[in-house]
Amino acid sequence: MKKWMIAAAVASVFALSACSNGDSEVIVKTKDGDITKEEFYNEMKARVGKEVIRDLVHEKVLSKKYKVTDKEIDKEIENLKDMYGVQYDLVVQQNGEKAIRDMVKLDLLRQKAAMEDIKVTDKELKDYYENYKPKIRASHILVKDEKTAKEIKAKLDKGEDFAKLAKQYSQDPGSASNGGDLGWFGQGKMVKEFEDAAYKLKVGEISDPVKTEYGYHIIKVTDKEEKKPFNEMKEEIEFEVKRSKLDPAKMQAKVEKLVKDAKADIKDKDLQDALKQQ
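Read in order, the letters of the sequence shown correspond to residues -22 to -1, 1 to 256 in mature numbering (1 follows the signal peptide of the UniProt record, and there is no 0).
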C-alpha cells in the first residue's frame, strides 16, 4: 500500500507541473533564494518521475479498453478502510481523496486487463456463492475473565442496556466508548471464534460469553445485510474468483503488451526507460 500511496501523493502535482519544464516562474520565495517551476519540475522528475509517467501511460492506454465504475472504486475504498483503519484516514488527509481514488482506479484497470485471460467455471462461481456471507454489524463487551462475562450476561438477560454495560465494563478501548459498536464487517475480519458466533446470531440476539485470544466477548448483532440471489451477484462473484487467481507476473506482462501495442513513445530522454520492467 505504501508504494502506491506515495505515487498518489505526487501524481496530480507531477501531471500539472510536467508542462512547466523550462519555466523560470518563481513559486517559492525565501530570503536565501527562490525556487522556480523549472527547479520544482526537475526535482519531482528525479524523485518519482519514472513511476508516475508509467502510471499515467497505463491509465491512458487501459482506460481505452476497460471501464471502472465509481461503484467499483467505492467498494475497493471500503476494503482499504476496513484493512487499514485510521492509517487510511491519515493518508487521505495527507494526499486528498481524489488521488487515492485515481490510484485505486488504475489498480482495477490493471487487474481487469489480466482477468481477461482467466477462465472460471460455473461450479467455482456457485461454490463461492454458497460459502459467501454478507456483512453484519455487531457490538461486543470484552472482559478478561469468564466470571465477569457471565455476570454481565446475567444483567443483560434481566434487561439492562447493552451499550451502557459496554461503556462500563468493556476493555476494548476502540469500541467501549461507542457502546461496544464494532461497525460493519464481513468474512475474515474477526478472529474465527468471534466470527462464527456472531454469524449464528439473529438481529437483536445476544450471545453467551465467547472465548478468544483477547478474552471473553458478549456479542450482540445489530444489523445484517441480506444475501442477494446468485444471479444478482454473479458478475461480482466472477470478478472476485478471477481476482483470486491473479498472477502478478502475468498481470504485468499483459499490461506491458497492451502498452507496447499502443506504441507509447516517451519523448523526455530522462524518462525513456520508465516503461521497462522494474
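Every residue, glycine too, gets a C-beta built ideally from N, C-alpha and C.
At which residues does the alpha helix (DSSP H) containing residue i begin and terminate?
i           : result
residue 126 : 124 to 135
residue 84  : 75 to 93
residue 59  : 48 to 62
residue 96  : Neither: residue 96 is in no alpha helix (DSSP H) and is coded neither H nor E.
residue 179 : Counting along the chain, residue 179 falls outside any alpha helix (DSSP H), and DSSP gives it neither H nor E.
residue 146 : 140 to 147
residue 110 : Where residue 110 is concerned, there is no enclosing alpha helix (DSSP H), given that its DSSP letter is neither H nor E.
Relative to the C-alpha of residue i, which candidate in the options has its C-alpha closest?
i           : options               : result
residue 165 : 115, 124 and 125      : 115
residue 34  : 80, 111, 50 and 113   : 80
residue 211 : 45, 105 and 23        : 105
residue 235 : 218, 219 and 254      : 254
residue 201 : 129, 207 and 159      : 159
residue 44  : 84, 111 and 176       : 84
residue 93  : 131, 227, 59 and 61   : 227
residue 185 : 150, 120, 229 and 240 : 120
residue 155 : 167, 142, 162 and 108 : 142
residue 30  : 17, 77, 70 and 62     : 77
residue 176 : 191, 196 and 192      : 196
residue 97  : 221, 9 and 246        : 221
residue 2   : 18, 74, 9 and 108     : 18
residue 99  : 134, 218 and 242      : 218
residue 149 : 178, 57 and 127       : 127
residue 135 : 42, 198 and 48        : 198
residue 36  : 90, 67, 21 and 71     : 90
residue 110 : 206, 82 and 146       : 206
residue 108 : 4, 26 and 209         : 209
Give the DSSP bridge partners of residue i, in chain order.
i           : result
residue 7   : 12
residue 115 : 162 and 201
residue 120 : 195
residue 184 : 198
If contacts are defined as beta-carbon pairs under 8 Å, then residue i and residue j qualify, I think. What distance do you get, rounded to the angstrom?
i           : j           : result
residue 216 : residue 103 : 6 Å
residue 50  : residue 86  : 6 Å
residue 237 : residue 39  : 5 Å
residue 95  : residue 189 : Residue 95 to residue 189, Cβ: 46 Å. No contact.
residue 117 : residue 182 : With a Cβ gap of about 11 Å, residue 117 and residue 182 do not count as contacting.
residue 112 : residue 173 : Contact doesn't hold; Cβ gap of about 13 Å is too wide.
residue 23  : residue 248 : 6 Å
residue 32  : residue 240 : Rounded, the Cβ-Cβ distance is 13 Å, inconsistent with contact.
In the DSSP assignment, find the unbroken beta strand (DSSP E) run with residue i in it and report its ends.
i           : result
residue 188 : 188 to 190
Could you check what DSSP says for residue i in three-state terms: helix, strand or coil?
i           : result
residue 253 : coil
residue 154 : helix
residue 45  : coil
residue 244 : coil
residue 222 : helix
residue 22  : helix
residue 168 : coil
residue 38  : helix
residue 206 : coil
residue -20 : Annotation note: pLDDT 45 at residue -20 (below 50); position unreliable, coordinate value reported separately. Correct three-state label for residue -20: helix.
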